[in-house]
Structures are given as structure tokens and as C-alpha cells.
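Enquirer: In my numbering, the protein residues as written are 11 to 171.
All residues carry an ideal CB built from backbone N, CA and C; glycine is no exception.
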């Protein structure tokens, strides 16, 4: 059986305020984080850069410490070119990941160092990126805490096939 070809097509970068905005409680295992200004998505060759105009990340917190990600993000360029991402995935909250979620300065991990993967469904209303409407994608994530305590999340998005 052949191994699927994976091609890096986009990199998405988003920043949240320090901490998780809506933490789980004894009544619900849902947590939420919201993206601040300054997020963007670029093509792998960095010839196109679109600004994030809104994003939210809902996470179901499980006792197993592997949590379910359910997120949305919208990006737009100055010419109106757009990409909308809906992605589900998993992140395992090791002690190192919890240090990042707690916004401890200088904490980070790189792609593949922790279990942080999503399956983005990408759509576009723009001719330039209409091809994404017919493709399957996988993404791997990395996290880091910025100087002011904000958390930066980054996804390397891969096209399957």
C-alpha cells in the first residue's frame, strides 16, 4: 500500500491573550480560547499572506489528558481573497503543554515534539484558492509563550495527495 503524499501548503499563526478564557468547570468540560489581532495565514512559499479576522478554539477537556479541539478561523487579504478553516483534532496535555497553557514565559514546543494534530476543512469563496474546496488537509501544531504572556499557536497545514 502506498503512503499518502503530504505537501506543505499553508502556515497559520494565531495569538491568544494569556490563559484560557473560558476554563472548564464541574458542570462542563468545555474550554474556549479566542484569537487576538495579528493572526495570519501564509502560503508555504510566503507569496500570499491573509489576515485573521476572527477565530475561536473550543476544547473538550478529557480525563485522559488528550483533549478534543474544535476550532474555526477566517482569513482575508486586502484584495478580498479569503480562506475559512474549520478544524478538529487532538492535543495531549503533558506537563510541558500545561506550562504553555499557564503562560509560563519562554515555554514552547516545536512541530512533532508533542501530540498536537488537526484535520482542517478549508474552504474559499475566492478563485485563487478555489482548489482548497476539493482537498483533504492535515495539520500539526506548535505552541509558544510570547514575552507578554500571550500564547502563539502555529499550524503547518499539509495537503493530502
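Which of the three DSSP states, helix, strand or coil, is assigned to residue 111?
Expert: helix
Enquirer: Tell whether a beta-carbon distance below 8 Å holds between residue 71 and residue 100.
Expert: no
Enquirer: Pull up the CB-CB distance for residue 38 and residue 92, whole angstroms please, since I reckon it's below 8 Å.
Expert: About 32 Å separates the two Cβ atoms, so there is no contact after all.
Enquirer: Have a look at 107, 134, 24, 149 and flag the residue whose alpha-carbon is nearest the alpha-carbon of residue 43.
Expert: 24
Enquirer: Check each candidate in 159, 130, 150, 154 and name the one with the smallest Cα separation from residue 166.
Expert: If we check each option's Cα against that of residue 166, 150 comes out closest.
Enquirer: Between the stretch 48 to 62 and the stretch 13 to 24, can you find at least three pairs of beta-carbon atoms closer than 8 Å?
Expert: yes
Enquirer: Who pairs with residue 11 in a beta bridge, going by DSSP?
Expert: Its beta-bridge partners do not exist; DSSP assigns none.
Enquirer: Please list the terminal residues of the continuous beta strand (DSSP E) segment that includes residue 55.
Expert: First-last for residue 55: undefined, no H or E at that position.
Enquirer: Return the chain-ordered list of same chain residues with a C-beta closer than 6 Å to the C-beta of residue 120, the five sequence neighbours on each side being excluded.
Expert: 152
Enquirer: When the Cα atoms are used, what is the spatial distance from residue 12 to residue 171?
Expert: 11 Å
Enquirer: Within a Cβ cutoff of 7 Å, which residues of the same chain sit near residue 114, ignoring the five residues on either side of it in sequence?
Expert: 155
Enquirer: Given that a residue counts as buried once 16 or more other Cβ atoms are within 10 Å of its Cβ, and exposed if not, what is residue 49?
Expert: buried
Enquirer: What residue from 81, 74, 51 has the CA that sits closest to residue 131's CA?
Expert: Among 81, 74, 51, the Cα nearest to that of residue 131 is on 81.
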